[in-house]
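**Student:** Residue numbers (UniProt numbering): 1 to 970.
In this text, a Cβ means the ideal position worked out from N, Cα and C, and glycines have one as well.
The structure is reproduced here in C-alpha cells:
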C-alpha cells in the first residue's frame with residue numbers, strides 16, 4: 001500500500017493545476033482522512049500494473065462519500081481505525097456473514113420513474129452515472145435497500161416532495177446478495193420523493209451488465225463499444241436499482257457519448273445537444289419508456305450503419321450492423337417487418353413502442369436479448385450476407401428474430417412476477433417463433449424441424465434423474481442462470497405446443513388476448529395464463545398443465561391392441577420414462593395426457609382424441625380393419641414417448657419404407673425407439689434394423705434426427721475397438737441419398753434440399769466415404785486457390801471432411817481462411833469444425849487457438865466443444881485443457897450459462913464410470929455454482945453411457961460383423 005500512496009501523491013501533484021489544492025495527504029496509519037479527485041482514482045484503477053479495486057483499497061481504506069461535483073467528484077478515503085470508529089461502509093474483503101436464506105427486496109420503498117444519465121469512457125473502460133429516481137415510500141423507514149453490484153456509490157440523498165434533501169450517511173454493501181443499504185440520519189416518511197445517487201462503475205469484459213465489446217473498424221483499428229446485457233440480474237451492474245422483474249417503473253435515459261458515435265436505448269431520441277464540459281461529447285436524451293422491468297433496459301454506444309423500413313402498422317424498424325455491412329441487415333429487416341404485424345394480429349394487441357431496433361453486437365454471450373425496443377443479437381443471429389450465408393443461417397436468423405419480437409408482448413408488455421416463471425417467457429417465445437417463421441417461410445417445413453430441434457432435445461434432458469420441473473423455485477440470483485436450459489425453453493415450448501393442439505387455435509388466441517389485455521404493463525404468474533386459457537376454452541387447463549409444469553419428467557405410454565370384430569381395442573398404460581430404464585418405485589408420477597390416435601386409413605387426421613387422466617385405460621376405435629396400422633401421437637405433438645407391442649410396431653414399419661407415415665411421425669417413431677434402446681428397454685440392434693428402413697427417406701428433418709442419433713451412437717462406440725464398423729454402417733445408410741442428391745443444386749430445389757445436401761455430404765465425408773472425400777478435397781483446393789468458391793451451403797461439410805482426413809497443412813490453411821474471413825458466420829463455421837482433426841499435436845494447437853485473441857470470447861466454447869466431440873483423443877485432451885485453464889475460463893464467463901455449455905459439450909461423451917467420479921471431484925474442488933445442475937446431469941450421462949456400452953456393445957458388434965459378412969441392400 002505504501003508504494004501505491006506514493007504513486008497517488010505523484011499523480012495528485014501532476015493534477016493540482018487542474019483541480020487546485022484539496023488538502024494535504026496523510027497516511028492511513030496515522031488515523032486521518034485522505035481526499036482525492038475521483039477521476040484520478042478511476043485512472044489509477046486502469047493504469048496501474050496491478051489493478052486496484054475498491055475491495056483491495058478497503059484493506060486499509062475505503063471511499064465513503066464525495067464532497068463536490070458530479071463528473072469530477074472528490075472521494076474521501078477513511079483510514080482503517082477511523083473507519084472502525086465511524087463505521088459508514090463495508091466492502092467485499094470484510095469477513096462474510098454466515099450464509100442466510102435469500103430475501104427479495106423490502107417493499108417499503110419502490111421506484112416510480114428512473115431518470116438516469118450515464119457517461120461511458122470508451123478508452124479507460126469506466127462510466128460515471130447520475131440517477132434521480134422518483135420513489136414512493138410506502139412505509140416509514142430510515143434506510144433504502146436496492147440492488148447494486150460492481151458499482152461504487154459516491155453520494156446519495158433523498159428529498160421528500162416539498163421538503164429538504166436528506167443526505168445518506170452510509171452505504172452498506174451486501175456483496176453476496178448484490179444489495180446496498182443507504183442509511184439516512186432521519187426517518188423517511190410515507191409519500192413520494194426523489195432519490196439522487198451519483199456513482200461510478202467499470203465497463204467490464206464479462207459480457208454482462210454495462211460492458212465493453214471489441215470490434216475492428218474497416219481500416220483495421222481496434223475499438224470498443226459500450227453495450228448492455230441485463231437479463232437476468234445484471235442491471236444492478238450499470239446503476240443502483242430495484243432489480244426484480246415485478247418492481248416496474250418508467251425510465252428517462254440520457255447518454256453522454258463521443259459525438260461521432262451512435263447512441264441507442266429502448267426509446268426514440270428526443271434531444272441531442274453538445275455536452276457543455278467537452279466539445280467532443282454530446283448528450284443524447286431518449287423518450288420516456290412505458291412501465292417496464294429493469295432487466296429489459298438497454299443502451300448501446302458505438303459505430304454502426306443501419307437499414308430501415310416501416311411495418312404496415314407504421315412502426316419504425318431498423319437493423320444496426322457493423323460499419324460497411326448494412327446490406328447484411330436486410331434479411332432480418334424483412335423478417336422483422338413481417339413479424340410485428342403477425343404478432344399484432346395474433347395477439348390482437350398493438351406493438352406499444354414507436355420503434356424497434358435490432359442490433360448486432362460483436363461480443364455477446366447469448367444468441368439474442370429481447371430488450372424492449374432495442375433487441376441485441378450476436379452477429380451470427382442477425383446478419384445475412386446474400387452471397388456467403390448458408391441456408392441454415394437464414395433459418396436461424398428468422399427464428400431468433402421471431403423469438404425476440406414475440407417477447408415484446410410476452411415478457412415485456414406482460415412480465416413474469418419472479419424468475420420461477422421464466423419458462424413462461426422463454427417457453428412461449430420458443431413455441432411461437434416457429435408459428436411466426438411458418439407464416440413467413442412456409443417452405444421451411446419448420447414444425448417438423450421443431451420436433452428434432454426442441455421436442456426431442458427436451459425429452460433427452462428431462463429423462464434424467466437430475467432434470468428439474470419446468471417451474472423451479474428460484475431464490476438467489478446465482479440460481480437463475482441454471483434454468484436457462486432446454487427444460488425452460490424446449491420443454492416449455494413443447495408443452496405449449498401440446499396445449500395449443502389440445503385447446504385449438506381459435507380458443508388459444510382468444511385466451512392469449514384476454515391474458516395480455518388483463519396484465520399489460522403488469523406482472524403475471526403461470527396460473528394467470530392458465531386461467532385466461534381456461535376461460536376461453538372451457539377445458540380444465542390448470543389441472544392438465546400442472547401435471548406438466550410442476551413435476552419433472554414425462555410419461556412413457558405403453559400400448560397394445562386387439563381386434564374385436566370390426567373395432568380395435570387399445571390398452572394404454574403410463575409410467576414415468578427414465579433414461580436409466582423402466583421406472584421402479586411405488587409412487588410413480590402421473591400426467592394428464594392429451595392423446596391423439598391415427599390409422600392408415602387417414603394418416604394425417606386424428607381418428608380419436610382423448611385425455612388420459614389415469615395410469616391405465618382402454619380405448620375402442622370403431623371400424624378399423626385388421627390390416628390397418630394404428631399410431632399414437634399424431635404429428636408427435638404430445639410430450640411423451642410411445643412403446644408399441646411387437647405386433648403393432650411390426651405393422652408400422654412398412655409405413656417408413658413406403659412413406660405412408662407422415663414425415664414427423666416417421667421421425668417420432670424412430671426417435672422413440674432410439675431412446676428406448678438407450679434406456680435399455682429394447683435392444684440397440686433392433687433400432688439399427690429400423691434405421692435401415694429409411695432407405696427411401698426424402699425429408700431433411702427426418703435425416704437430421706437420424707444423423708443426430710447415429711452421431712450419439714458413434715460417440716459411444718468410439719470407446720470400443722470396432723468404431724470403424726459403425727462408420728461403415730453410416731456410409732451404407734447415407735450413401736443412397738447422397739448419390740441421389742449429388743453435390744450441386746438441381747433446378748427447382750429449395751431451402752430444405754440445400755440443408756439436406758449439406759447434412760448428408762458432411763455425414764459421409766466424416767465417415768470417410770471415399771468418393772465424398774475425394775470430391776471434397778478437389779473442391780476445397782479450388783476454393784482455396786480462388787478457382788471456384790464453395791457455395792455457403794457446402795462449406796461446413798467440405799471443411800469438416802478435409803480436416804477430419806487432413807494433416808497439419810490442412811489445419812494451417814483453415815486457420816488462414818479464418819483470419820481472412822470478414823464475416824463472423826464464416827469464422828464460426830470454421831471454428832466449429834476445427835476439432836475434427838485427429839492428430840494429438842494438432843488437437844493441442846486447436847485448443848490453444850480457442851483461447852487466443854483470434855476467437856471471440858463467446859465462441860471459445862464451440863471450439864473446445866468441437867474438439868471434445870471430434871474424437872476419443874479430442875475428448876480427453878479437451879477435458880485436460882479445461883482443467884488446466886479452469887481459472888481463466890471461469891473468470892472469462894463469470895459463472896454464466898456459457899460455463900454450463902462448455903462443461904456439457906466437453907465431458908458428456910465419456911462412457912467410463914470412473915470419469916463421472918473424476919468430473920464430480922474436479923468440480924467439488926473448483927465450484928461452479930451456476931453449473932451445478934449441469935455437472936450432475938453430465939455425471940449421470942457418463943454413467944448411463946457406460947451402462948449402455950456394457951449392455952449392448954457386444955450385440956451391436958456381432959450385428960455389424962454379420963452385415964459385413966453378408967451385405968444387405970439397404
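With a threshold of 16 other CB atoms inside 10 Å of the CB of residue 820, please say whether the residue is buried or exposed.
**Tutor:** By one-based count along the chain shown, residue 820 stands at place 820. Counting Cβ neighbours within 10 Å, residue 820 comes out exposed, since fewer than 16 surround it.
**Student:** I'd like to know whether the C-beta of residue 407 is nearer than 7 Å to at least one C-beta of chain B.
**Tutor:** Within the model displayed, chain B is absent; a lone protein chain is all it includes.
**Student:** Please name the residue, chosen from 184, 378, 571 and 291, that lies closest to residue 319 on a Cα-to-Cα basis.
**Tutor:** Locating residue 319 in the chain shown gives position 319, where the first residue counts as 1. Closest option to residue 319, Cα to Cα, is 378.
**Student:** Look at the alpha carbon of residue 799 and the alpha carbon of residue 814, and state the distance between them as a whole number of angstroms.
**Tutor:** Locating residue 799 in the chain shown gives position 799, counting from the first residue. Locating residue 814 in the chain shown gives position 814, counting from the first residue. Computed Cα separation, rounded: 8 Å.
**Student:** Who are the Cβ neighbours of residue 381 in its own chain at under 7 Å, not counting the five residues just before and after it?
**Tutor:** As a first step, residue 381 is located in the chain shown; it is residue number 381 there, counting from the start. So the qualifying residues of the chain are 367, 368, 396, 397 and 400.
**Student:** In whole angstroms, what separates the C-alpha of residue 876 from that of residue 868?
**Tutor:** As a working note, residue 876 is residue 876 in the chain shown. As a working note, residue 868 is residue 868 in the chain shown. Residue 876 and residue 868: Cα-Cα distance of roughly 7 Å.
**Student:** Going by Cα to Cα distance, which pick from 851, 843, 692 and 513 is closest to residue 973?
**Tutor:** Examination of residue 973 is not possible in this model, given that the chain is present from 1 through 970 alone.
**Student:** Starting from the C-beta of residue 191, find all residues in its chain whose C-beta is less than 8 Å away, skip the five residues before and the five after it, and write them out in chain order.
**Tutor:** Locating residue 191 in the chain shown gives position 191, where the first residue counts as 1. 136, 137, 160 and 161.
**Student:** For the segment 786-793 against the segment 428-443, are there 3 or more C-beta pairs whose distance is under 8 Å?
**Tutor:** no
**Student:** Use the C-beta contact count for residue 929: other C-beta atoms within 10 angstroms, 16 or more gives buried, fewer gives exposed.
**Tutor:** Position 929 of the chain shown, counted from the first residue, corresponds to residue 929. It counts as exposed.
**Student:** Name the DSSP beta bridge partners of residue 167, please?
**Tutor:** Walking along the chain shown from the start, residue 167 turns up at place 167. Beta-bridge pairing links residue 167 to 157.
**Student:** Drop a sphere of 10 angstroms on the beta-carbon of residue 390, count the other beta-carbons inside from all chains shown, and report buried for 16 or more, exposed for fewer.
**Tutor:** Numbered from its first residue, the chain shown carries residue 390 at position 390. Looking at its Cβ environment, which holds 16 or more other Cβ atoms inside 10 Å, residue 390 is buried.
**Student:** Consult DSSP for residue 442 and reduce its assignment to one of helix, strand or coil.
**Tutor:** For the purposes of this step, residue 442 is identified with residue 442 of the chain shown, where counting begins at 1. Judged by DSSP in its simplified three-state form, residue 442 adopts helix.
**Student:** Going by C-alpha to C-alpha distance, which of 116, 140, 141 and 564 sits closest to residue 130?
**Tutor:** Here residue 130 corresponds to residue number 130 of the chain shown, with the count starting at 1. The option with the nearest alpha carbon to residue 130 is 116.
**Student:** Tell me whether the segment 452-471 and the segment 899-912 touch, counting them as touching only if at least three CB pairs, one residue from each stretch, are closer than 8 Å.
**Tutor:** no
**Student:** Between which two residues does the beta strand (DSSP E) harbouring residue 316 extend?
**Tutor:** Locating residue 316 in the chain shown gives position 316, where the first residue counts as 1. Its beta strand (DSSP E) spans residues 316-321.
**Student:** If distances are taken between C-alpha atoms only, which option among 887, 196, 918 and 961 comes closest to residue 943?
**Tutor:** As a working mapping, residue 943 is identified with position 943 in the chain shown. Of the listed residues, the one whose Cα sits closest to residue 943 is 918.
**Student:** For residue 258, write down the residues that DSSP places opposite it in a beta bridge.
**Tutor:** The count along the chain shown starts at 1 and reaches residue 258 at position 258. According to DSSP, residue 258 bridges with 281.
**Student:** When the Cα of residue 158 is compared with those of 540, 182, 151 and 258, which residue comes out closest?
**Tutor:** To locate residue 158, count along the chain shown from 1; it is residue 158. Each of 540, 182, 151 and 258 was checked against the Cα of residue 158, and the nearest Cα belongs to 182.
**Student:** Please work out which residues of its chain come closer than 8 Å, Cβ to Cβ, to residue 618, disregarding the five sequence neighbours upstream and downstream, and give them in chain order.
**Tutor:** Locating residue 618 in the chain shown gives position 618, where the first residue counts as 1. Within the same chain, residue 618 has close Cβ partners 569, 570, 571 and 572.
**Student:** Which of the three DSSP states, helix, strand or coil, is assigned to residue 355?
**Tutor:** Here residue 355 refers to the residue found at position 355 of the chain shown. The answer is strand: DSSP assigns residue 355 an E or B state.
**Student:** Looking at the structure shown, is residue 213 part of a helix, part of a strand, or coil, going by DSSP?
**Tutor:** On the chain shown, position 213 is the one that residue 213 refers to. Residue 213 falls in the strand class under three-state DSSP.
**Student:** Leaving aside the five residues before and after residue 860 along the sequence, list all residues of the same chain whose C-beta is less than 7 Å from its C-beta, in chain order.
**Tutor:** One-based indexing of the chain shown puts residue 860 at position 860. Closer than 7 Å at Cβ, skipping near neighbours: 850 and 851.
**Student:** Applying the criterion that 16 or more other CB atoms from any shown protein chain within 10 Å of the CB defines a buried residue, is residue 696 buried or exposed?
**Tutor:** Taking the chain shown and counting its residues from 1, one reaches residue 696 at position 696. Classification for residue 696: exposed.
**Student:** Please identify the residue among 578, 179, 188 and 155 whose C-alpha is closest to the C-alpha of residue 164.
**Tutor:** If you number the chain shown from 1, residue 164 lands on position 164. Among 578, 179, 188 and 155, the Cα nearest to that of residue 164 is on 188.
**Student:** Inspect the beta-carbon positions of residue 179 and residue 204 and report whether they are closer than 7 Å.
**Tutor:** Translated into the one-based positions of the chain shown, residue 179 becomes position 179. Translated into the one-based positions of the chain shown, residue 204 becomes position 204. No, the Cβ-Cβ distance between residue 179 and residue 204 is not below 7 Å.
**Student:** Would you please state the rounded distance, in angstroms, between the beta carbons of residue 118 and residue 281? I believe it to be under 8 Å.
**Tutor:** Translated into positions along the chain shown, residue 118 becomes position 118. Translated into positions along the chain shown, residue 281 becomes position 281. Not quite, the Cβ-Cβ distance comes to about 12 Å (not below 8 Å), so this is no contact.
**Student:** In the DSSP assignment, the alpha helix (DSSP H) including residue 141 goes from what residue to what residue?
**Tutor:** Numbered from 1 along the chain shown, position 141 holds the residue referred to as residue 141. From DSSP, residue 141 is part of no alpha helix (DSSP H) but of the beta strand (DSSP E) over 141-147.
**Student:** Should the segment 196-216 be regarded as contacting the segment 332-345, the criterion being three or more beta carbon pairs within less than 8 Å?
**Tutor:** no
**Student:** Just the Cα atoms here: how many angstroms apart are residue 588 and residue 551?
**Tutor:** For the purposes of this step, residue 588 is identified with residue 588 of the chain shown, where counting begins at 1. For the purposes of this step, residue 551 is identified with residue 551 of the chain shown, where counting begins at 1. For residue 588 and residue 551, the distance between alpha carbons rounds to 11 Å.
**Student:** Mind listing, in chain order, the continuous beta strand (DSSP E) runs of no fewer than 3 residues lying wholly within the segment 349-411?
**Tutor:** 355-361 and 374-378
**Student:** Helix, strand or coil: how does DSSP classify residue 199 here?
**Tutor:** What you label residue 199 is simply residue 199 of the chain shown in a count that begins at 1. Here residue 199 sits in strand by DSSP.
**Student:** Where do the ends of the alpha helix (DSSP H) carrying residue 681 lie?
**Tutor:** Locating residue 681 in the chain shown gives position 681, where the first residue counts as 1. Element bounds for residue 681: n/a, residue is neither H nor E.
**Student:** What's the C-alpha gap between residue 406 and residue 292?
**Tutor:** To locate residue 406, count along the chain shown from 1; it is residue 406. To locate residue 292, count along the chain shown from 1; it is residue 292. Each residue's Cα considered, the two are about 16 Å apart.
**Student:** Let me check understanding here. Comparing Cα to Cα, which of 574, 408, 783 and 703 lies closest to residue 644?
**Tutor:** Here residue 644 refers to the residue found at position 644 of the chain shown. Taking only the C-alpha atoms, the option nearest residue 644 is 574.
**Student:** In its own chain, which residues sit with a C-beta less than 7 Å from the C-beta of residue 410, not counting the 5 before and 5 after it?
**Tutor:** Your numbering for residue 410 matches position 410 in the chain shown. Taken in chain order, the residues that qualify are 425, 428 and 429.
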